[in-house]
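Report on one structure; see the data block that follows.
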Amino acid sequence: MLFRDLLYLIVVAVLSPWLLWRAARTGRYRRDLSAKLCGSRPALAKGTPVAWFHGVSVGEIHLLVTVVAAFRQRHPDFAVVVSSTTDTGLAEARARFADGTVIAFPFDFSWAVRTTLDAVRPAVVALAESEMWPNFLAAAGERGVPVVVINARMSPRSFARLNRVAGLVRSLLFRHVTAFAVQSDDYAARLRQLGVSEGKLTVTGSVKFDGATADRDTPKARELRRLLCIRAGCVSDGPVSVSHASGSVVVAGSTHAPEEEIVLRAFADLRARHPDLRLILVPRHPDRFEEVAKLLEASGLPFARRSRLTDPPADPPAVLLLDTVGELGAAWSLADVGFTGGSLDGKRGGQSMIEPAGYGVPVVFGPHVWNFRDAAKRLVEVGGALMVETADELGPALDRLLADAELRARVGATARQFVRDNQGATAKTLDVIGAVLGSAVGAWDGKPSHPSGSLRSPRRPPPRGGR
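Per my numbering, the sequence shown starts with residue 227, numbered consecutively.
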């Protein structure tokens, strides 16, 4: 750990000018800095076993909402701690888990991870998707704390990068992980090629299917409908029929640069054929809200910022910039058609198309969707979404859906059914966590055990106050 600490410090020193500039420009890295750097010491009830769930940012926190709720039902005697790394992830976790304990995930310095583990003293740690750090995993292994990676994935790009140093990855990361609950057979195969033993792998499917909802009449959706005067939203707070009459809504969700420019060009062209068309634009990262607002100003399109709306404007804008966190689901629930971002420039691997599919929204996305490769491929194959190869094809694909109500309804219904057919991963994930809890020490006695990360013999967890 000492060598890794030194390496981290060198990296931080080299990057510090850039980090300071980013912090000043965007406000990132400032919040919860002490807890991240020195470790968190949450106040937890003694004598109660703890399960620690971690999601790096907002998307993973949303995934954990489903898992944690099911875990609490299955294990009511456990306390739950939820952690996140990013500012937005922590804000969302504190909103979603207001009745629980939320902490900042420590930077991977040995003192920070040891302090946090010693304070939380978890019976199990569940890491969402792919968030693995060597010092944290080693410290958990020393304490006999089992670690499960849930909803695990391994994209082709990550696999190619890690495969060059597969031996090092096995030594630093995988040997300390007790079990992987994996999204698909393809991901499991890649982990197997990287050296993860068969006994650690269970294919569960994606928990994101379980978290998808078909309810278009939530309080957040009603509020957005009211503010934008969408359909009957500004005159009624009751249930609103999702008709495809005039005033259709396009949602561009989780966009990255330069996708906002692409979407705005396509939207301007579409407005010529669909004069009442509305756009809800949702950038993926909050630190780009100002940048996207300037793009909108330059476009000449009438727009409003969600953060500045408290009442419906006299003249509802053509574009709403959703510059808030936690309302993307509400936006999808208002959509007639949609575009999922991160899929056009080949750098990000796509954002989730599962959430809009759950609402029955016919979505369009680009070809770069390796983060959701299996879901995207099967969704297109069954006719529940459209994939375009280039940015120039986005506008025509959206126009095709907007102009054909029957096609739009058929694609949306297929998408919703596809999500329903693929639900059930949460129960399988809890089975994996339950098996680990059944075969490992539930709470450690405060002393490191096996540096190799092997588990001690099964026994009942001691009281949390005992040392």
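Note that the Cβ used here is the ideal one computed from N, Cα and C, for glycine as well.
As the structure is a prediction and not an experimental result, all values here were calculated from the model.
Of the candidates Ala-319, Ile-506, Val-595, Val-371, the residue whose Cα lies closest to the Cα of Ile-659 is Val-371. A contact is defined here as three or more CB-CB pairs under 8 Å, and the region 334-354 meets this definition with respect to the region 256-275. At the C-beta level, Gly-437 and Thr-292 come within 7 Å of one another. At a Cβ-Cβ threshold of 7 Å, Leu-656 and Arg-322 do not count as neighbours.
Straight-line measurement puts the Cα of Gly-621 at about 12 Å from the Cα of Ala-498. At the C-beta level, Val-595 and Ala-561 stay beyond 7 Å of one another.
In the three-state DSSP reduction, Ala-438 falls in the coil class, being neither helix nor strand. Rounded to whole angstroms, the gap between the alpha carbons of Asp-411 and Val-475 is 36 Å. Thr-404 is positioned such that its CB atom lies closer than 7 Å to that of Val-374.
Nearest to Ala-611 by alpha-carbon distance, out of Ala-629, Phe-644, Lys-654, is Phe-644. The residue among Ser-356, Ala-365, Ala-364, Glu-286 with its C-alpha nearest the C-alpha of Ser-381 is Ser-356.
The continuous beta strand (DSSP E) containing Thr-481 extends over residues 475-481. The alpha helix (DSSP H) runs of length 4 or more contained entirely in the region 611-672 are, from start to end of the chain, 620-629, 631-647, 651-665.
Taking all protein chains shown into account, Asp-549 has 16 or more neighbouring C-beta atoms within 10 Å of its C-beta and is therefore buried. Around the CB of Leu-233, fewer than 16 other CB atoms lie within 10 Å, so the residue is classed as exposed. Counted as a single uninterrupted DSSP element, the alpha helix (DSSP H) harbouring Leu-289 occupies residues 284-300. The continuous stretches of alpha helix (DSSP H) do not include Ile-329, which lies in the beta strand (DSSP E) extending over residues 327-330. The beta-carbon distance between Arg-230 and Pro-360, rounded to whole angstroms, is 6 Å. This is short enough to meet the 8 Å contact definition. Following the DSSP letters along the chain, one finds Leu-535 in no beta strand (DSSP E), marked with neither H nor E.
Residue nearest to Glu-486 within the set Ala-519, Leu-503, Arg-504 is Ala-519 (criterion: CA-CA distance). Comparing alpha carbon positions, the residue from Leu-388, Ser-432, Val-590 closest to Asn-377 is Ser-432. Around the CB of Ala-583, 16 or more other CB atoms lie within 10 Å, so the residue is classed as buried. Three or more Cβ pairs closer than 8 Å define a contact, and the region 632-644 falls short of that threshold against the region 277-286. Assignment of Ile-456 by DSSP, reduced to helix, strand and coil, places it in the coil class.
Annotation: the continuous alpha helix (DSSP H) that includes Asn-389 extends over 382-389.
Beyond the five residues adjoining it in sequence on each side, Ser-569 comes within less than 6 Å, by CB distance, of Gly-576, Phe-591, Gly-592, His-594, Val-595 in the same chain, given in chain order. When Thr-311, Leu-427, Ala-440, Leu-628 are compared, the shortest CA-CA separation from Ala-661 is found for Leu-427.
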